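Let me begin by presenting the structure, written as structure tokens, before commenting on it.
Residue numbers (our numbering): 36 to 170.
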């Protein structure tokens, strides 16, 4: 539960101009966004109560196929908690939208998750998530 609440902790050092930008980010802005898992890890790791959560913060943007960041972990090398948070966080964006993305229908979400299965997300978790939430 704590990881779900704190996975984007590192964004506290990113300016609101970048965080609430509704257009495409330039390379410098994108680099700042990509650094937030490391920053959040560093903050969380300083507290003995949050050492276990720190790993999930660091790895929640890793992709199943190894193309994520910041460590380019792949498959089951990504901690399970981080794989779950990545999927749930993406669902939240798809379901409720953001300033840069409109909300999607349930059918669009299922299609997007299916396409991203095995690429961005753990395929077993995607199947379980769809079965639990849409059937």
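Glycine included, each C-beta is placed from N, C-alpha and C at the ideal position. Remember, predicted model here, so these are calculated numbers, not experimental data.
Task: Exposed unless 16 or more other CB atoms sit within 10 angstroms - verdict on residue 92 - done: With 16 or more other Cβ atoms from the protein chains shown falling within 10 Å of its own Cβ, residue 92 counts as buried.
Task: Continuous alpha helix (DSSP H) stretch holding residue 118: start and end - done: DSSP places residue 118 in the uninterrupted alpha helix (DSSP H) bounded by 115-131.
Open item on the list: Using the three-state DSSP reduction, which class does residue 76 fall into: helix, strand or coil?
Closed with: When secondary structure is reduced to three states using DSSP, residue 76 falls in the helix class.
Task: Distance, residue 119 Cα to residue 160 Cα - done: Approximately 7 Å, taken between the alpha carbons.
Open item on the list: Please report the straight-line C-alpha distance between residue 87 and residue 156, rounded to a whole angstrom.
Closed with: Going from the Cα of residue 87 to the Cα of residue 156 covers about 22 Å.
TODO: Taking only beta-carbon positions, decide if residue 122 is within less than 8 Å of chain D.
DONE: Note that chain D does not occur in the displayed structure, where there is just one protein chain.
TODO: Would you check if the distance between the CB atom of residue 127 and the CB atom of residue 169 is smaller than 8 Å?
DONE: At least 8 Å separates the beta-carbon of residue 127 from that of residue 169.
TODO: Can you say whether residue 81 is buried or exposed, counting buried as having 16 or more other CB atoms within 10 angstroms of its CB?
DONE: Looking at its Cβ environment, which holds fewer than 16 other Cβ atoms inside 10 Å, residue 81 is exposed.
Open item on the list: Can you look up residue 109 in the DSSP assignment and give me helix, strand or coil?
Closed with: DSSP places residue 109 in coil when its eight states are reduced to three.
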